[in-house]
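Please read the structure below before turning to the comments.
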């Protein structure tokens, strides 16, 4: 199974909004509403930011939102802040009952 | 408070065996799956496999099947990831994570495994 496709990098200025895409197939992203997004700061473990496409865990800022259309899921961060600078990974449950991650996107806050 | 606490960093030689651990607390351990994720240096996340803590039902990624063994000791609320013969290419950070439904919601702090002669 190939990794889900994410852009290698995105950037934005403080206060702006950015969107990170995550493209899979009908056997993963398109077939299930089990897409999650994780934030990872350097030297730290992943932190769950969005689950089941668009749900935010307790404690996650409402500046983070998720959506899905067809085989592509998206993470949007509004009102960018310096602390949002990190790597972001999407993941999806698959028809093989495995978990597939995206390759990761490095977010730079200019 | 849900916590997954992993064992400490390891330095091993090629060909040696290794078992790392992930201890869960703050929740009903046997009611959840525990997954393992590899992160090679400077690279992304890779799902290795998962085990149900209640009955040891285990699933592996095809990429890791036969390369590692995932097990659980529910008497001490601990999941394990083990290798019988390490390779230099196994050098990575390894994370455990609890799966709730199909969401990996809580993660351990990671165990760095270094394999070098």
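Chains as they are written, first to last, in my numbering: chain A, 1 to 110; chain B, 1001 to 1117.
Just so you know, even glycine gets a beta-carbon here, dropped at the ideal spot from N, CA and C.
9 Å Cβ cutoff, residue i in contact with chain A
i, result
"residue 1058 of chain B", "no"
"residue 1055 of chain B", "no"
"residue 1070 of chain B", "no"
"residue 1109 of chain B", "yes"
"residue 1062 of chain B", "yes"
"residue 1005 of chain B", "no"
"residue 1026 of chain B", "no"
"residue 1101 of chain B", "yes"
Neighbour flag for residue i against chain B, beta carbons, 9 Å
i, result
"residue 73 of chain A", "no"
"residue 46 of chain A", "yes"
"residue 82 of chain A", "no"
"residue 57 of chain A", "yes"
"residue 107 of chain A", "no"
"residue 93 of chain A", "yes"
"residue 16 of chain A", "no"
"residue 52 of chain A", "yes"
"residue 5 of chain A", "no"
"residue 64 of chain A", "no"
Expected contact under 8 Å - CB spacing of residue i and residue j to nearest Å
i, j, result
"residue 1004 of chain B", "residue 1104 of chain B", "With a Cβ gap of about 10 Å, residue 1004 of chain B and residue 1104 of chain B do not count as contacting."
"residue 1112 of chain B", "residue 1012 of chain B", "Wrong, their Cβ atoms sit about 11 Å apart, outside the cutoff."
"residue 53 of chain A", "residue 85 of chain A", "That pair is no contact at about 24 Å."
"residue 1021 of chain B", "residue 1039 of chain B", "At roughly 18 Å, the Cβ-Cβ gap does not stay under 8 Å, so residue 1021 of chain B and residue 1039 of chain B are not in contact."
Cβ neighbour criterion (16 or more within 10 Å) applied to residue i
i, result
"residue 1082 of chain B", "exposed"
"residue 1077 of chain B", "buried"
"residue 75 of chain A", "buried"
"residue 170 of chain A", "Any answer about residue 170 of chain A is impossible in this case: the structure gives chain A only from 1 up to 110."
"residue 1002 of chain B", "exposed"
"residue 1043 of chain B", "exposed"
"residue 41 of chain A", "exposed"
"residue 1079 of chain B", "buried"
"residue 82 of chain A", "exposed"
Assigned secondary structure, residue i (DSSP; H/G/I helix, E/B strand, else coil)
i, result
"residue 102 of chain A", "strand"
"residue 66 of chain A", "strand"
"residue 29 of chain A", "helix"
"residue 92 of chain A", "strand"
"residue 1012 of chain B", "strand"
"residue 1057 of chain B", "coil"
"residue 1030 of chain B", "helix"
"residue 83 of chain A", "helix"
"residue 1100 of chain B", "strand"
7 Å CB neighbourhood of residue i in its chain, flanking five on each side removed
i, result
"residue 48 of chain A", "36, 38, 57"
"residue 34 of chain A", "52, 92, 93"
"residue 1088 of chain B", "1014, 1115, 1116"
Nonlocal neighbours in the same chain, by C-beta distance under 8 Å from residue i, ignoring five residues either side
i, result
"residue 1017 of chain B", "1082, 1083, 1084, 1085, 1086"
"residue 11 of chain A", "18, 107, 108, 109, 110"
"residue 46 of chain A", "38, 39, 40, 89"
Same chain, Cβ closer than 6 Å to residue i, neighbours up to 5 away in sequence not counted
i, result
"residue 1054 of chain B", "1030"
"residue 1060 of chain B", "1049"
"residue 1026 of chain B", "1001, 1002, 1003"
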